[in-house]
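Protein chains in written order, with this note's numbering: chain A, 160 to 260; chain B, 160 to 260. No residue lacks a Cβ here, since even glycine has one placed at the ideal position from N, Cα and C. As the structure is a prediction and not an experimental result, all values here were calculated from the model. This report refers to the structure that appears directly beneath it.
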DNA sequence: ATATATACTTCGTGATATGATGTATAGCGT
DNA sequence: ACGCTATACATCATATCACGAAGTATATAT
């Protein structure tokens with residue numbers, strides 16, 4: 160898929176993945192695999208940005224000797240998803256224009 | 160609308176605008192206004208990129224003493240629009256995921 | 001005269017995705 | 001014992017991109 164088009168959904172995809180249950184980096188990538196392929200460097204960049212934007216909070220734990228950081232969505236994160244759904248409607252209008260012309 | 164989401168459709172919107180009839184910068188902006196607001200610097204950047212990507216060709220003319228550059232879509236440009244439509248289907252799948260979760 | 005519309009150009013900046021590379025542990029097969 | 005793969009996160013350098021700001025220049029309306 161086109162790189163620019165991806166960019167528009169990456170953040171929200173990650174938020175959607177942790178919406179119903181807290182998750183951690185490696186698992187997010189695996190869970191998203193059927194929907195959207197993304198590399199570790201890309202994901203961790205996104206997670207960091209979402210954290211800075213207070214759309215999720217992090218809880219570091221230790222699991223079988225390894226570090227594991229669990230990400231939990233916040234109210235702002237949930238709002239971001241809702242906003243996206245509204246933006247999607249706008250985008251549908253734009254798509255119609257492209258299709259019809 | 161979210162900046163990232165915009166990016167995914169800007170190029171194709173411009174191509175769609177000149178698809179049925181050759182047009183020039185200032186007119187493209189006006190025609191797109193109801194669909195998508197975009198500044199001159201943004202448009203001319205896009206036009207330049209599309210030209211470099213051979214998705215359109217340019218013909219400079221003089222109109223009432225002023226320079227006017229007409230943009231004409233190429234086969235590659237038309238293909239770009241068709242590709243976008245296919246990518247849109249993929250994107251719909253991603254949206255469903257976001258909506259359902 | 002002055003403001004507005006038309007028309008294109010260039011520069012600098014900030015945001016972003018991604019590949020490459022690195023660190024470290026657990027578990028499995030040979 | 002050794003190597004490989006999976007797990008798990010971190011950092012850096014790079015390339016792409018949208019956009020505001022500022023500039024050049026003409027025609028038309030007030």
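- For residue 188 of chain B, the nearest beta carbon of chain A is not closer than 8 angstroms to its own beta carbon.
- In the three-state reduction of the DSSP assignment, residue 240 of chain A falls in the helix class, which pools H, G and I.
- The straight-line gap separating the alpha-carbon atoms of residue 213 of chain A and residue 248 of chain A is approximately 25 angstroms.
- Under the three-state reduction of DSSP output, residue 215 of chain A falls in the strand class.
- Assigned with DSSP and collapsed to three states, residue 227 of chain A falls in strand.
- When the Cα atoms are used, residue 206 of chain A and residue 173 of chain A turn out to be separated by approximately 8 angstroms.
- In the DSSP assignment, residue 182 of chain A is bridged to A:230.
- Only those residues of the stretch 243–254 of chain B whose C-beta falls short of 8 angstroms from the nearest C-beta of chain A are listed: 243, 244, 246, 247, 249, 250, 252, 253, 254.
- In the same chain as residue 230 of chain A, and ignoring 5 residues on each side of it, the C-beta atoms closer than 7 angstroms to its own belong to 177, 181, 182, 183, 206, 215, 217, in chain order.
- Counting only the Cα atoms, residue 237 of chain B lies some 46 angstroms from residue 228 of chain A.
- For residue 164 of chain B, the residues of chain A that pass the 7 angstroms Cβ criterion are 167, 246, 250, in the order they occur in the chain.
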